[in-house]
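Asker:
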Amino acid sequence: MIRHLVLFKLNEGVRRDDPRAVAGAEAFRELGGVIPELEFWECAWNIADRPIAYDFAINSAVADADALRRYLEHPAHQAAASIWREFATWVIADYKF
């Protein structure tokens with residue numbers, strides 16, 4: 047199994063209630079039921095109030111590297127990621143477990 051973690055940081059001046067952020071969060075929430083390669087899926091807004099904290103997180107799992115590639119290339123994932131490119135940056139970590 048591979049864990050795929052993503053942490054998003056909203057760009058300066060962008061708030062969680064920005065319509066783009068609302069649409070981006072909803073697009074990612076929907077992926078769990080759309081992409082068959084996802085064996086585990088959760089995403090949510092951060093609740094920590096610390097300056098170093100990121101704003102939104104995705105925690106997911108897929109079977110193997112091929113499944114991860116298919117997930118990343120899936121049109122629904124590409125569409126959701128393109129929304130976030132307008133107002134946020136992110137970091138990822140993929141690791142076997």
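No gaps in the numbering here: position 42 of the sequence shown is 88 in this note's numbering, and each next residue is one more. Ideal Cβ positions, reconstructed from N, Cα and C, are used throughout, including at glycine. If you're wondering where the values come from, they're calculated on a predicted model, not measured in any experiment.
(1) Within its chain, find whatever has a CB closer than 7 Å to the CB of Ala90; leave out the 5 residues flanking it on each side and keep chain order.
(2) Give the DSSP-derived three-state secondary structure of Tyr141 in the structure shown.
(3) Run through the DSSP bridge pairs and tell me what Val108 is partnered with.
(4) Tell me which residues share the same chain as Asn92 and place their Cβ nearer than 7 Å to its Cβ, disregarding the 5 neighbours each side in the sequence.
(5) Can you pull the DSSP bridge partners for Glu88?
(6) Is it right to say Phe54 is buried, meaning 16 or more other beta carbons lie within 10 angstroms of its own, or is it exposed?
(7) Please name the residue, chosen from Val60, Ile48, Met47 and Leu51, that lies closest to Arg131 on a Cα-to-Cα basis.
Answerer: In this structure, then:
(1) The answer, listed in chain order, is Ala103.
(2) Secondary structure of Tyr141 (DSSP, three-state): strand.
(3) Val108 is bridged to Ile48.
(4) Excluding five sequence positions before and after Asn92, the CB atoms of its chain that fall closer than 7 Å to its own CB belong to Ala99, Tyr100, Asp101, Phe102 and Ala103, given in chain order.
(5) The partner list for Glu88 (beta bridge, DSSP) reads Asn105.
(6) It is buried - the Cβ of Phe54 has at least 16 other Cβ atoms within 10 Å.
(7) For Arg131, the nearest C-alpha among the options comes from Val60.
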